[in-house]
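Peer 1: Taken in order, the sequence shown gives residues 148 to 349; the numbers are from this note's numbering. Ideal placement from N, C-alpha and C gives every residue a C-beta, glycine not left out.
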Amino acid sequence: MELHDCLRLRRDTRHFLAEAVPEAALDKAFAAAHHAPSVGLSEPWRFVRVLSADKRAALYQNYCTAAENGDKSSLSPERRALLKSLKLEAIKDAPELIGVFCERPIAGSYTIGVQGTQDALVWSCVCAVQNFWLSLTAQGYSAGWVTILDLSLLSNLLGTSPAWEPLGLLCVGRPADHYGGIPMLEQVGWKTRSAKPVVVQV
Ligand SMILES: Cc1cc2nc3c(=O)[nH]c(=O)nc-3n(C[C@H](O)[C@H](O)[C@H](O)COP(=O)(O)O)c2cc1C
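(1) Hey, proline 191 and cysteine 272 are a contact pair by Cβ (cut 8 Å); roughly how many whole angstroms apart?
(2) By DSSP's criteria, valine 197 is part of a beta bridge. Which residues make up the other side?
(3) By the DSSP assignment, the alpha helix (DSSP H) with glutamate 312 in it spans what residues?
(4) What's the gap between the Cα of serine 256 and the Cα of alanine 228?
(5) When you get a sec, list the residues whose CB is within less than 5 Å of any heavy atom of ligand 1, chain order please.
(6) From the DSSP secondary-structure annotation, give me the bridge partner or partners of serine 289.
(7) Is leucine 332 closer than 9 Å to alanine 290 when the C-beta atoms are compared?
(8) State yes or no: is the C-beta of tryptophan 337 within less than 9 Å of the C-beta of leucine 188?
(9) Distance, Cα to Cα, glycine 327 vs glutamine 262?
(10) Taking three-plus beta-carbon pairs below 8 Å as touching, is the region 205-212 in contact with the region 280-288?
(11) Can you tell me where the alpha helix (DSSP H) with serine 232 in it begins and where it stops?
(12) Can you give me the C-alpha to C-alpha distance between leucine 268 and glycine 315, rounded to a whole angstrom?
(13) Which word fits valine 346, buried or exposed, when buried means at least 16 other C-beta atoms lie within 10 angstroms of its C-beta?
(14) From the DSSP output, which residues share a beta bridge with glutamate 250?
(15) For the alpha helix (DSSP H) containing glutamine 262, list its first residue and its last residue.
(16) Any C-beta of chain B sitting closer than 9 Å to the C-beta of glycine 217?
(17) Relative to the alpha-carbon of tryptophan 311, which residue among Leu301, Gly320 and Val319 has its alpha-carbon at the smallest distance?
(18) So, are the CB atoms of isoleucine 245 and arginine 203 less than 9 Å apart?
(19) For glutamate 243, count the other beta carbons within 10 Å of its own beta carbon; 16 or more makes it buried, fewer makes it exposed. Which is it?
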């Protein structure tokens with residue numbers, strides 16, 4: 148697939164077919180993630196592949212509680228009803244579930260580029276996730292990024308080190324729906340994508 152087609156066609160996917168993702172496809176996507184740029188060559192991305200059915204069930208419960216608890220006071224009753232109708236994750240049915248984390252460097256170690264902000268480590272992980280997502284798209288698979296979670300509970304459930312900052316959960320598989328080639332939130336009338344990025348000249 149041509150790069151710009153891949154960029155255009157990548158979707159956040161919440162509807163998956165039941166078929167397994169081949170190991171070779173996953174390996175390729177992880178390798179793509181590892182090609183990402185990272186501040187000071189820190190490579191801070193960490194992935195946790197969830198194989199346990201019990202953990203999957205607990206992660207789904209985590210999502211349900213977080214979705215229920217979110218403050219919706221700014222929404223009209225109509226928007227609240229629309230929001231409630233949306234499928235915003237595929238934790239129960241995605242063939243693969245992958246936790247994403249950012250490992251903070253050991254205290255006292257020096258990383259080029261984080262003197263302005265330590266957030267550059269998380270930005271590096273986001274670059275890796277995007278590479279992972281694009282690689283899946285190019286291979287006919289997709290991902291959905293779920294952040295409607297109690298992230299500290301995500302760490303507890305997956306048993307990760309306190310040095311690993313949780314960035315969410317990726318639901319991965321073969322898409323059952325391409326949402327007409329536009330973001331699902333646009334397709335359902337939640338929000339319309341803007342035509343162009345904001346670029347100013349100074
Ligand atoms: C950091 C991040 C977190 C996201 N978290 C969620 C989420 O919890 N649930 C969800 O349905 N979509 C989530 N999304 C997906 C966005 O809603 C989606 O990217 C956006 O609507 C544009 O659609 P597209 O990715 O198909 O272009 C997240 C996306 C990003 C980048």
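Peer 2: Let me lay it out:
(1) The residue you call residue 191 lines up with position 44 of the sequence shown. The residue you call residue 272 lines up with position 125 of the sequence shown. That belief holds up - the Cβ atoms of proline 191 and cysteine 272 are roughly 6 Å apart, short of 8 Å.
(2) Your numbering for residue 197 matches position 50 in the sequence shown. In the DSSP assignment, valine 197 is bridged to Leu244.
(3) Position 165 of the sequence shown, counting from 1, holds the residue named residue 312. Going by DSSP, glutamate 312 is part of no alpha helix (DSSP H) but of the beta strand (DSSP E) stretching over 311-320.
(4) Taking the first residue of the sequence shown as 1, we reach residue 256 at position 109. Taking the first residue of the sequence shown as 1, we reach residue 228 at position 81. Answer to the nearest angstrom: the Cα atoms are 49 Å apart.
(5) If you measure from each CB to the nearest heavy atom of ligand 1, the residues under 5 Å come out as Arg158, Asp159, Leu235, Trp292, Val293, Thr294, Ile295, Pro330 and Leu332.
(6) Looking up residue 289 in the sequence shown gives position 142. Partner(s): Gly320.
(7) Looking up residue 290 in the sequence shown gives position 143. Looking up residue 332 in the sequence shown gives position 185. For alanine 290 and leucine 332, no; Cβs fall outside 9 Å.
(8) Position 190 of the sequence shown holds residue 337. Position 41 of the sequence shown holds residue 188. Cβ distance not < 9 Å, so tryptophan 337 and leucine 188 don't count as in contact.
(9) For the purposes of this step, residue 327 is identified with residue 180 of the sequence shown, where counting begins at 1. For the purposes of this step, residue 262 is identified with residue 115 of the sequence shown, where counting begins at 1. Going from the Cα of glycine 327 to the Cα of glutamine 262 covers about 43 Å.
(10) Counting Cβ pairs under 8 Å, fewer than three are found: no touch.
(11) The residue labelled residue 232 in the question sits at position 85 within the sequence shown. 224-232 is the span of the alpha helix (DSSP H), which, as asked, contains serine 232.
(12) Here residue 268 is taken as the residue at index 121 of the sequence shown, counted from 1. Here residue 315 is taken as the residue at index 168 of the sequence shown, counted from 1. Between the alpha carbons of leucine 268 and glycine 315 lies a distance of about 15 Å.
(13) By 1-based counting over the sequence shown, the position of residue 346 is 199. Here valine 346 is exposed: its Cβ has fewer than 16 other Cβ atoms, across all protein chains shown, within 10 Å.
(14) For this step, residue 250 is matched to residue 103 along the sequence shown. Glutamate 250 pairs with Trp311.
(15) Mapped onto the sequence shown, residue 262 falls at position 115. Here glutamine 262 belongs to no alpha helix (DSSP H), and DSSP marks it neither H nor E.
(16) The question asks about chain B, but that chain is absent: this structure has only one protein chain.
(17) As a first step, residue 311 must be located in the sequence shown, where it is residue number 164. Closest in alpha carbon position to tryptophan 311, among Leu301, Gly320 and Val319, is Leu301.
(18) The count along the sequence shown starts at 1 and reaches residue 245 at position 98. The count along the sequence shown starts at 1 and reaches residue 203 at position 56. Result no, Cβ atoms of isoleucine 245 and arginine 203 do not sit closer than 9 Å.
(19) Position 96 of the sequence shown, counting from 1, holds the residue named residue 243. Answer is buried; the Cβ neighbour count reaches 16.
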